[in-house]
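Take a look at the structure set out below.
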Amino acid sequence: MKTNNNNYLDFEQLLGKLKKEDTNYSSLSKALLIIYLIMIPLYIVITTLEYFETKDVFQIVGGACFVVSFSVFAIFFRIYYKEYKYVDYSLPTIQMLKKAAYRYKPFQLRTLWILPALVLMDLGLYFTSSFDIIGIKAHLYFIALMVLSIIAGIIVWYFKYKPIRDNALKLIKELEGE
Numbered sequence: 105m106k107t108n109n110n111n112y113l114d115f116e117q118l119l120g121k122l123k124k125e126d127t128n129y130s131s132l133s134k135a136l137l138i139i140y141l142i143m144i145p146l147y148i149v150i151t152t153l154e155y156f157e158t159k160d161v162f163q164i165v166g167g168a169c170f171v172v173s174f175s176v177f178a179i180f181f182r183i184y185y186k187e188y189k190y191v192d193y194s195l196p197t198i199q200m201l202k203k204a205a206y207r208y209k210p211f212q213l214r215t216l217w218i219l220p221a222l223v224l225m226d227l228g229l230y231f232t233s234s235f236d237i238i239g240i241k242a243h244l245y246f247i248a249l250m251v252l253s254i255i256a257g258i259i260v261w262y263f264k265y266k267p268i269r270d271n272a273l274k275l276i277k278e279l280e281g282e
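With our numbering applied, the sequence shown corresponds to residues 105 to 282, in that order.
Written out as structure tokens, the structure reads:
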């Protein structure tokens with residue numbers, strides 16, 4: 105392993121960026137967790153009131169889809185909050201860098217379970233809206249919004265988090281002597 109002052113500075117700069125971004129990500133995850141925890145009982149109340157007013161079973165089905173979807177998102181953001189809030193920077197350097205590289209990976213296998221939550225949210229929208237052209241348009245707008253959100257997320261990752269991940273991977277290679 106070669107060592108020089110530039111590697112030390114690179115590591116110190118990376119560590120500072122990691123701590124800052126981990127704190128930001130933790131705060132964002134906590135805020136989104138709180139929003140979903142508010143939305144869950146709110147949608148239970150809205151669904152119940154809407155059902156008693158209309159006696160429409162689709163309101164119950166749609167509301168249940170929303171509540172389950174929001175619950176999945178709440179669990180997801182709770183996991184992310186804990187992961188980013190309690191990062192252990194005292195681990196051996198190589199281990200800490202590998203965990204950081206994984207945290208800032210754009211697509212992780214464990215996030216695939218968000219897809220069923222999005223489908224449930226879309227079904228909730230479908231069942232609680234009218235089954236006319238307006239309901240179909242709302243469904244299409246939702247899908248378009250999700251696709252645009254994914255594209256925006258990838259763009260943000262590319263400019264904000266990819267350099268951090270690349271730097272961590274570079275330092276890992278140097279530490280491993282490759």
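Heads up, the beta-carbon is just placed ideally off N, CA and C, and yes, glycines get one too. None of the values given here were measured: they were computed from a predicted structure.
Starting from P196, trace the alpha helix (DSSP H) in both directions and tell me its first and last residue.
Neither: P196 is in no alpha helix (DSSP H) and is coded neither H nor E.
Looking only at its chain, what residues have a beta carbon closer than 6 Å to the beta carbon of Y129, apart from the 5 residues adjacent to it on each side?
If we look at Y129 and ignore the five residues flanking it on each side, its Cβ neighbours are Y188.
Grab me the residues of E154's own chain with a C-beta within less than 8 Å of its C-beta, minus the 5 sequence neighbours each way, in chain order.
Closer than 8 Å at the Cβ level, and outside the excluded window around E154, lie D160, Q163, G167, T232.
Roughly how many whole angstroms lie between the Cα atoms of G120 and G257?
Using only the alpha carbons, I get a separation of about 23 Å.
Since K202 and R269 should fall inside the 8 Å C-beta cutoff, what is the C-beta to C-beta distance between them, to a whole number of angstroms?
That pair is no contact at about 11 Å.
Run the CB neighbour count on D236, radius 10 Å, all protein chains shown included, and call it buried at 16 or more, exposed below.
Label assigned to D236: exposed.
Excluding the five sequence neighbours on either side, which residues of its own chain have a C-beta within less than 8 Å of the C-beta of I144, listed in chain order?
Closer than 8 Å at the Cβ level, and outside the excluded window around I144, lie V171, F174, S175, A178.
Between V251, L229, L252, which has its C-alpha nearest K241's C-alpha?
The shortest C-alpha separation from K241 is found at L229.
If we define contact as Cβ-Cβ less than 8 Å, is W217 a contact residue for chain E?
Protein chain content of the structure displayed is limited to a single chain, and chain E is not contained in it.
Between I198 and the rest of its own chain, which residues show a CB-CB distance below 8 Å, the 5 nearest in sequence each way excluded?
Once the five neighbours on either side are set aside, the close Cβ partners of I198 are I276, L279, E280.
Determine, using beta carbons only, whether R182 and L137 come nearer to each other than 8 Å.
In contact: R182 and L137 (Cβ atoms closer than 8 Å).
For Y140, which residues from the same chain have a beta carbon less than 6 Å from its beta carbon, with the 5 sequence-adjacent residues on both sides left out?
Counting only Cβ-Cβ distances below 6 Å, and skipping sequence neighbours, we find F174, F177, A178.
Run through DSSP, which three-state label would S234 get?
In this structure, S234 counts as coil in the three-state DSSP scheme.
Is D226 helix, strand or coil when you go by DSSP?
Helix, per DSSP.
Tell me whether F246 sits in a helix, a strand or coil according to DSSP, three-state version.
Three-state DSSP puts F246 in a helix.
Give the secondary structure of F211 by DSSP, where H, G and I count as helix, E and B as strand, and everything else as coil.
Coil, per DSSP.
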